[in-house]
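> Going by the numbering used here, the sequence shown opens with residue 41, and the numbers climb by one from there.
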Amino acid sequence: MSDPAALDAADPLAGLRDAFHLPEGVIYLDGNSLGPLPKRAAATLRDVVEREWGESLIRGWTAHGWVDLPERLGDRIGRLIGAAPGATVVCDSTSVNVFKLLAAAMRLRPGRDVILSDEGNFPTDLYIAEGLIELIGRGRLRRVPRESVLEALDAEVAVALLTQVDYRSGAKLDLAATTARVHAAGAVMLWDLAHSTGAFPVDLAESGAEFAVGCGYKYLNGGPGAPAFLYVRPDLADGLRPALSGWFGHAAPFAFDPSFRPAPGVGRLRVGTPPILSMRALDAALDVFDMVDLADLAAKSRALSELFIAEVERRVPPGEIALASPRDPAQRGSQVSFRCPHGYAVVQALIAEGVIGDFRAPDLMRFGFAPLYLRFADVADAAFRLAEILHERRWDRPEHHIRASVT
Ligand SMILES: Cc1ncc(COP(=O)(O)O)c(C=O)c1O
41 MSDPAALDAA DPLAGLRDAF HLPEGVIYLD GNSLGPLPKR AAATLRDVVE
91 REWGESLIRG WTAHGWVDLP ERLGDRIGRL IGAAPGATVV CDSTSVNVFK
141 LLAAAMRLRP GRDVILSDEG NFPTDLYIAE GLIELIGRGR LRRVPRESVL
191 EALDAEVAVA LLTQVDYRSG AKLDLAATTA RVHAAGAVML WDLAHSTGAF
241 PVDLAESGAE FAVGCGYKYL NGGPGAPAFL YVRPDLADGL RPALSGWFGH
291 AAPFAFDPSF RPAPGVGRLR VGTPPILSMR ALDAALDVFD MVDLADLAAK
341 SRALSELFIA EVERRVPPGE IALASPRDPA QRGSQVSFRC PHGYAVVQAL
391 IAEGVIGDFR APDLMRFGFA PLYLRFADVA DAAFRLAEIL HERRWDRPEH
441 HIRASVT
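(1) Evaluate contact between the stretch 156 to 174 and the stretch 269 to 281, counting only Cβ atoms and requiring at least three cross-stretch pairs below 8 Å.
(2) In its own chain, which residues sit with a C-beta less than 7 Å from the C-beta of residue 66, not counting the 5 before and 5 after it?
(3) Go ahead and label residue 331 buried or exposed: buried means 16 or more other beta carbons lie within 10 angstroms of its beta carbon, across all protein chains shown.
(4) Please go through the stretch 118 to 180 and give each complete alpha helix (DSSP H) segment of 4 or more residues, from N-terminal end onward.
(5) Fully enclosed by the stretch 240 to 282, which alpha helix (DSSP H) runs are 4 residues long or longer?
(6) Give every residue of the same chain whose Cβ lies closer than 6 Å to the Cβ of residue 420, excluding the five residues on either side of it in the sequence, and list them in chain order.
(7) Assign residue 412 to one of three DSSP states: helix, strand, or coil.
(8) Does the count of Cβ pairs from the stretch 372 to 381 and the stretch 196 to 210 closer than 8 Å reach three?
(9) Pop quiz: residue 104 and residue 92 are said to be a contact at Cβ under 8 Å. What is the actual Cβ separation, rounded to whole angstroms?
(10) At a cut-off of 7 Å, is residue 128 close to ligand 1 when judged by its beta-carbon and the heavy atoms of the ligand?
(11) Going by other Cβ atoms of all chains shown within 10 Å of its Cβ, with 16 needed for buried, is residue 443 buried or exposed?
(12) CA-CA distance, residue 154 and residue 245?
(13) Thinking C-alpha only, which one of 409, 73, 108 is nearest residue 308?
(14) Assuming residue 253 contacts residue 284 (C-beta within less than 8 Å), just tell me the rounded distance between them.
(15) Please report the residue range of the beta strand (DSSP E) in which residue 464 lies.
(16) For residue 441, is the classification buried or exposed, using 16 other Cβ atoms within 10 angstroms of its Cβ as the cut-off for buried?
(17) Let me confirm a value: residue 55 is counted as buried when at least 16 other C-beta atoms fall within 10 Å, else exposed. Which label applies?
(18) Would residue 362 and residue 348 be called neighbours here (beta carbons separated by less than 8 Å)?
(19) Out of 214, 226, 212, 186, state which residue places its alpha-carbon closest to the alpha-carbon of residue 199.
(20) Quick one: Cα of residue 288 to Cα of residue 398, how far?
(21) Within the stretch 331 to 369, note down every full alpha helix (DSSP H) run reaching 4 residues or more, in order along the chain.
(22) Grab the span of the beta strand (DSSP E) containing residue 230 for me, first residue to last.
(23) Measure from the alpha carbon of residue 76 to the alpha carbon of each residue in 210, 60, 114, then state which is nearest.
(24) State yes or no: is the C-beta of residue 135 nearer than 7 Å to some heavy atom of ligand 1?
(25) Give the DSSP-derived three-state secondary structure of residue 102 in the structure shown.
(26) Can the beta-carbon of residue 256 be found less than 8 Å from the beta-carbon of residue 267?
(27) Do you know offhand how far residue 152's Cα is from residue 422's?
(28) Report the residue from 353, 408, 317 whose alpha carbon sits nearest the alpha carbon of residue 342.
(29) Taking 7 Å as the line, does the beta carbon of residue 380 fall inside it for any heavy atom of ligand 2?
(30) On the DSSP letters alone, give me the boundaries of the beta strand (DSSP E) that residue 398 sits inside.
(31) Once DSSP output is grouped into helix, strand and coil, what is the label at residue 434?
(32) Look at residue 344 and residue 426 and say whether their C-beta atoms are less than 8 Å apart.
(33) Say the cut is 7 Å; is the CB of residue 223 nearer than that to a heavy atom of ligand 1?
(34) Quick one: residues in its chain with C-beta nearer than 7 Å to the C-beta of residue 301, no 5 flanking neighbours on either side, listed in chain order?
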């Protein structure tokens, strides 16, 4: 079945679209970068600001449970990533969480010096690894092409730092099989789940991976700069010495002890005062996921992407653009990328016409398919407009060639 109207009529998630504020006339294919506003988040934020903060003042830390919010949100995200309760905490940014967990991984393997990563990994992960190595005066970053990562495992590798879904191509690694190979080489596995969480179910506990991080503002729709999360395999948490030992990771922050004594469990990796407004927005955004069967999420993510590829390839003559994502949906996350020599201008032309995707240098047009609010009809319409823009060269207008600072 590839009739968009029939697919929409049969979609078990169709009713969730109404939980989001989506601007009139916009087809939003960038929820893999920044999710849209859940209506509940807007209402919650107003209440948190005016009633909780405004009226309760400092009493809000206990009266409104602000102090435990990082753990409570961690458990809500834990359900989406296959983590046991108590293994996930929401805190800081993904970059900072990569730092904390890479440092922990290096401590777990004192006799090994290599941080192994994919040379095309999201740059912040590589930058953080470089910075950590310089700081601790130990280690080397071994960057290899994504397809060679497993062959590059050897007895020097302390930790493999990999992003499950590649931010450019959308290529997805098999979490369990990759983790098993990393473990067979004696290394620690640290997953970046930025482009996985909230797009399809993840089986972190079953994979046995030691550590994971992910973003709150992409498929989780927590808002711009929403806090990130980190996961620690439960058997390891009580043995970790946090590299960033802040007072909110202390066993008793309000004892004002002059020395650091880590909290039990994953909470020891918290650092400072949690950003409550951002956390409550994320909390409200996660309410939408309570209504979702994760199997439906995965099935729709796949069906939306398949429809887009089929419609684009049916309408655009071969040679003008080329699929840059794996064709096999089992090897793809919830995004589809096409290579196009005029990709930047084409994406600008699409945005000007209300179809929001994004561009990644040098030539990738990237489209995200978030299952909670996208309709099949929108996806077919986006493919139609892309084909028209190419056919009529509407991208070749001066305003579409001007480079913006955020792409
Ligand atoms: C794979 C991946 N990791 C990390 C980040 C950045 O995370 P943060 O800005 O929250 O530190 C991104 C942002 O797009 C990303 O795609």
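Here a beta-carbon is modelled for each residue, glycine too, at the ideal position from N, C-alpha and C.
Put simply:
(1) no
(2) Excluding positions up to five away in sequence, the list reads 394, 396.
(3) Flag for residue 331 reads exposed.
(4) 134 to 148, 163 to 176
(5) Assignment of alpha helix (DSSP H) within the stretch 240 to 282, counting only whole runs of 4 or more residues, yields 244 to 247, 274 to 277 in chain order.
(6) Taken in chain order, the residues that qualify are 44, 351.
(7) coil
(8) yes
(9) Contact flag correct, Cβ pair sits at about 5 Å.
(10) no
(11) exposed
(12) 25 Å
(13) Checked all of 409, 73, 108; the closest Cα to residue 308 is 108.
(14) With 8 Å as the limit, residue 253 and residue 284 do not qualify as a contact, their Cβ atoms being about 14 Å apart.
(15) Residue 464 lies beyond the stretch modelled for the chain, which goes from 41 to 447, so this question has no answer here.
(16) Result: exposed.
(17) Classification of residue 55: exposed, given that the 10 Å Cβ count is below 16.
(18) With contacts defined as CB atoms closer than 8 Å, residue 362 and residue 348 fail to qualify as a contacting pair.
(19) 226
(20) 37 Å
(21) 334 to 355
(22) 228 to 232
(23) 60
(24) yes
(25) helix
(26) Contact: yes.
(27) Residue 152 and residue 422: Cα-Cα distance of roughly 49 Å.
(28) 408
(29) For the structure depicted, ligand 2 is absent and the ligand set comprises only ligand 1.
(30) 398 to 400
(31) coil
(32) no
(33) No, Cβ of residue 223 sits at least 7 Å from all heavy atoms of ligand 1.
(34) 290, 291
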